[in-house]
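Here the structure is laid out as structure tokens; the discussion comes afterwards.
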Amino acid sequence: MPGTVWFVGAGPGDPELITVKGQKLLAQAGAVLFAGSLVDRAATTYAPPGCDIRDSKDMTLEEMTDWLVTRTRTHGTVVRLQTGDPALYGALIEMARPLDAAGVPWRVVPGVSSAMASMAAAGESMTLPEVTQSVILTRVAGRTPMPEGEDLAALAAHHTTLCIFLSITLLHKVEAALRQAGWAEDAPMLVVHKASWPGEEIVIRGTLADIKQRCREAGVVSQAMIVASPTLGSRHWETLARSKLYDPTFTHRFRKATA
């Protein structure tokens, strides 16, 4: 039987944000294929001495899957180390299908997304009681088109939290879509460059009216998460609706109301 290919989420950048399970798999891996254009090479230091480590940034899909299949013939654990979470913009299914065809077993270990790391870096929450309880993870159309019904203006019309991936070079399109959806010029915006990367993280705050200029001044043109949300800046609001779970007037299974 061939070895198993593990698609492991390396997290958003900080090598310590990989999961314990992912770290253990790297420690026993015979071969590791990592996405060097986005994953800090420091994450591969969890691999043992003598591990066959390859950067995939110059490889095609076919070359990557051939490399993985070949390594499973001599190694019981082969890791494909991907940025963030493998299920988000990670070509997971495109790589898994050839493995299925070759009879190679594969598993997935989830990872921390840059969307979560960006909100953590800024000290913000994606959801708030009576403000928004929904989060949309999306992107704008570039060389990869968006499916029908998923253009940003249509999604932004919900006025909920938007985490916009892979779109910093298309910030003008993001602004146009939000305006089309009725977002105000003073709507708060957040851009985080290299969220969680030690010494490289940049947090930029602004509004719909000025966020592009602020990003230009900061020199941010790649690897950035764009967040538009009615929750941004809420820790400075004068009033805030309380969560029912911790409200003393609210009874639930573990606690009776005391006020």
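Under my numbering, the first residue of the sequence shown is numbered 624, with each subsequent residue one higher.
Glycine residues also receive a C-beta, built at the ideal position from the N, C-alpha and C atoms.
Between the C-alpha atoms of residue i and residue j, what's the straight-line distance to the nearest angstrom?
i: V702; j: T642; result: 14 angstroms
i: E823; j: Q846; result: 11 angstroms
i: M682; j: A740; result: 28 angstroms
i: E753; j: A714; result: 36 angstroms
i: P728; j: L760; result: 29 angstroms
i: K796; j: V763; result: 7 angstroms
i: A744; j: E717; result: 32 angstroms
i: S748; j: R876; result: 26 angstroms
For a test of the three-state rule: what should DSSP assign to residue i, helix, strand or coil?
i: M682; result: coil
i: G653; result: coil
i: H781; result: coil
i: L813; result: strand
i: I759; result: strand
i: C786; result: strand
i: H698; result: coil
i: I849; result: strand
i: T830; result: strand
i: G632; result: strand
i: I791; result: helix
i: T667; result: helix
i: V881; result: It is worth fixing the name first, because residue 881 is Thr in this sequence and not Val. Coil at T881, not helix or strand.
How about residue i and residue j: are their beta carbons less than 8 angstroms apart?
i: L794; j: A779; result: no
i: Y669; j: L649; result: yes
i: S852; j: T767; result: no
i: V731; j: P709; result: yes
Does any C-beta atom of chain B lie closer than 8 angstroms to the C-beta of residue i?
i: Q705; result: No chain B appears in the structure shown, which is made up of a single protein chain.
Who are the near neighbours of residue i in its chain, counting only those whose CB is closer than 6 angstroms to its CB and skipping five residues on each side?
i: A725; result: V692
i: P721; result: T688
i: A658; result: S679, Q705, T706
i: V814; result: I827, C838, A847, I849
i: A958; result: As shown, the chain starts at 624 and ends at 882. That puts residue 958 outside it, with no answer to give.
Enumerate in chain order the residues of its own chain whose CB-to-CB distance from residue i is below 8 angstroms, with the five nearest sequence positions on each side excluded.
i: H698; result: G626, A652, G653, A654, D675
i: G765; result: L789, S790, T792, L793
- Task: Kindly provide the ranges of any beta strand (DSSP E) runs that are 3 or more residues long and lie completely inside the region 705 to 754, ordered along the chain.
- Result: 729 to 732
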